[in-house]
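Protein chains in written order, with this note's numbering: chain A, -13 to 103; chain B, 328 to 832.
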């Protein structure tokens, strides 16, 4: 289980990093979302991966660590708000700057500019 | 009432922001300004009260919801955090008063956002829980994102987009670092972590080291340390100057977090992880000073110049964090207060100069003469002398103190020449900037006087911020004693741990 879990986090992070390094805002936002999923999974695993542990006090002898779940919940809420904000900002950037490039301008390739002529 | 004092610098700005969003304030600009100023004054007064209270009675620990320390979340008001809270509230008050002259009407929700930002910064300073530091970072960041867009144009959107994406990545790294540390230590309370970190054995030591250094990456990003400083000049220069003045405190939050984490958690008592960030911090800090100074010389306008001055001040502060002794921390606090106030004043001054010079704005080229040459010129020369560290103002005291504390460290032969040469470079850049802003004119014929005079409120705020510099010198004795006490308190790690763990129970 640990191997599967760890590789899940790893794949998500690497996909997220790859998308983050793209130059357009849409893949960047997707990458950020993927990374935040990976981070949430990672935070959850900080309480150790265990099966069959009691969640509620008084129902068993072993208990699951409740704190990472609270941390994940907080991180999800904050991540959600931030993603919403960055999406709006990206749309505004598209409208203001005329392109969805993160630097705000599109480098026209030589072929493209020839076509326009 | 007095036992709840530590929570008020967080609760009051929140209350203020909510009140300002509600109908009577939300509708009328006039009422909004008055309400906002009053709330800012109350917040500042409470912060000063807390400062005095903590100074007299020692560390104040406030257990939120009365859950005791290692389990619940606590607010820790010690001399260091209350000093910074008071500084933040003062800056917030100054910015709000300044904006009442007209800047707040150029976009929506200026006043509530400023209060939210103050809430986030105060919270980050006061909290005793590392996860809460993350939460308050997010609070101040989302307020800063919106403030950055205040009265924005295209240039603004681009800078904001980059700033937001960078900080979102930073937040993810922060969470990963926290996850590792929690997995290893089983706690996120700073005092409890400091207690447990020395008990680590085997592989856990390396995991904790990885977690701690990931946090260093985040704090370096927030405070704009060298490889991660590139966002700062653009962001600060494209923000409205009044917003940039408030942002002057935000890099200091990163420096404060570094100070807390690497002095208390990974400080002297951390066993094999003792001073683990020091070798990184020292080199990066010196490089930051050099790059920042080059940025100051290369800057094309006054706002960018000031933004690069912020980078230089961050480099200086981080160099002092790396030294990890009481004297260095005391010098750091003095320099932090001085540099925050004077950088904020310079941003505001850049705004006035830009509006009075018409088309040339605050670019460092010859242009129309400002309407009030003596007033603005006088303010500029005081600010420039302060920031370059010339006697008799506070920059000089700060500089002497920094040089004195670094004298005995091994790296002094590197730090001294770099620091002195760079302050000389700053002096040259600032005199050049002043000359072209105030004396150089394109053509004398075309001088019309349609420029507006500065609003009295704006002048009062700038003079008020600048006046803190001579005050820091005049009351240098008691202030430096306070800084020394605060630094001693921070470095007394076992005392701090006992206060937090017992105080919450």
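Ideal Cβ placement from N, Cα and C applies to all residues, glycine included.
Item                                                                                                                                                : Value
Heavy atom of the ligand NAD within 7 angstroms of residue 36 (chain A) beta-carbon                                                                 : You won't find the ligand NAD in this model; it holds no ligand whatsoever.
Where residue 781 (chain B) meets chain A, residues with beta-carbon distance less than 8 angstroms                                                 : Ordered by position in chain A, no residue passes the 8 angstroms Cβ test against residue 781 (chain B), which lies about 30 angstroms from the chain.
Simplified DSSP state of residue 487 (chain B), which is helix, strand or coil                                                                      : helix
Strand pairing of residue 602 (chain B), partner residues [DSSP]                                                                                    : In DSSP, residue 602 (chain B) forms no bridge with anything.
Neighbour flag for residue 506 (chain B) against chain A, beta carbons, 8 angstroms                                                                 : yes
Residue nearest to residue 628 (chain B) in terms of C-alpha spacing, selected from B:640, B:673 and B:661                                          : B:673
Residue 766 (chain B) versus B:752, B:742 and B:698, residue with shortest Cα-Cα distance                                                           : B:698
Residues in the segment 10 to 22 of chain A having any Cβ partner in chain B nearer than 8 angstroms                                                : 11, 14, 18, 21 and 22
Residue 402 (chain B), enclosing beta strand (DSSP E) - first and last residue                                                                      : 401 to 404
Residue 680 (chain B) - DSSP class collapsed to helix/strand/coil                                                                                   : helix
8 angstroms Cβ cutoff met for residue 5 (chain A) and residue -4 (chain A)                                                                          : no
Cβ separation of residue -2 (chain A) and residue 20 (chain A), assumed to be a contact under 8 angstroms, to the nearest whole Å                   : 5 angstroms
Sufficient close CB pairs (3 or more, under 8 angstroms) joining the segment 569 to 579 of chain B to the segment 468 to 478 of chain B             : yes
Burial state of residue 349 (chain B), where buried means 16 or more other Cβ atoms lie within 10 Å                                                 : exposed
Beta-bridge partners of residue 454 (chain B), as assigned by DSSP                                                                                  : B:402
For residue 388 (chain B), the three-state DSSP class (helix, strand or coil)                                                                       : strand
Sequence-distant residues of its chain with Cβ nearer than 6 angstroms to residue 493 (chain B) (five each side left out)                           : 558
Continuous alpha helix (DSSP H) stretch holding residue 427 (chain B): start and end                                                                : Where residue 427 (chain B) is concerned, there is no enclosing alpha helix (DSSP H), given that its DSSP letter is neither H nor E.
Option nearest residue 546 (chain B) by Cα separation, candidates B:510, B:378, B:589 and B:707                                                     : B:589
Beta-carbon proximity check, residue 661 (chain B) vs residue 750 (chain B), cutoff 8 angstroms                                                     : no
Interface flag, residue 68 (chain A) vs chain B, CB-CB below 8 angstroms                                                                            : yes
Chain A contact for residue 582 (chain B) (CB, 8 angstroms cutoff)                                                                                  : no
Beta-carbon proximity of residue 800 (chain B) to residue 719 (chain B), cut-off 8 angstroms                                                        : yes
Residue 23 (chain A) - containing alpha helix (DSSP H), residue span                                                                                : 11 to 31
Beta-carbon contacts of residue 787 (chain B) that lie in its chain and below 8 angstroms, excluding the five residues immediately before and after : 424
Stretch-stretch touch, CB-based, cutoff 8 angstroms, three pairs: the segment 638 to 654 of chain B with the segment 384 to 391 of chain B          : no
Pairwise C-alpha distance: residue 401 (chain B) and residue 336 (chain B)                                                                          : 14 angstroms
Buried/exposed call for residue 805 (chain B), threshold 16 Cβ in 10 Å                                                                              : exposed
Sufficient close CB pairs (3 or more, under 8 angstroms) joining the segment 649 to 660 of chain B to the segment 590 to 609 of chain B             : yes
Distance between beta carbons of residue 75 (chain A) and residue 485 (chain B), contact taken as under 8 angstroms                                 : The pair is not a contact, with the Cβ atoms about 10 angstroms apart (cut-off 8 angstroms).
Per DSSP, the bridge partner or partners of residue 628 (chain B)                                                                                   : B:690
Proximal chain A residues relative to residue 458 (chain B), where beta-carbon distance stays under 8 angstroms                                     : 57 and 60
Below-8 angstroms beta-carbon distance, residue 510 (chain B) vs any chain A residue                                                                : yes
From A:3, A:8 and A:28, residue whose alpha carbon lies closest to that of residue -11 (chain A)                                                    : A:28
Within-8 angstroms CB hit, residue -2 (chain A) to chain B                                                                                          : no
Contact list for residue 503 (chain B) against chain A, beta-carbon separation under 7 angstroms                                                    : 25 and 28
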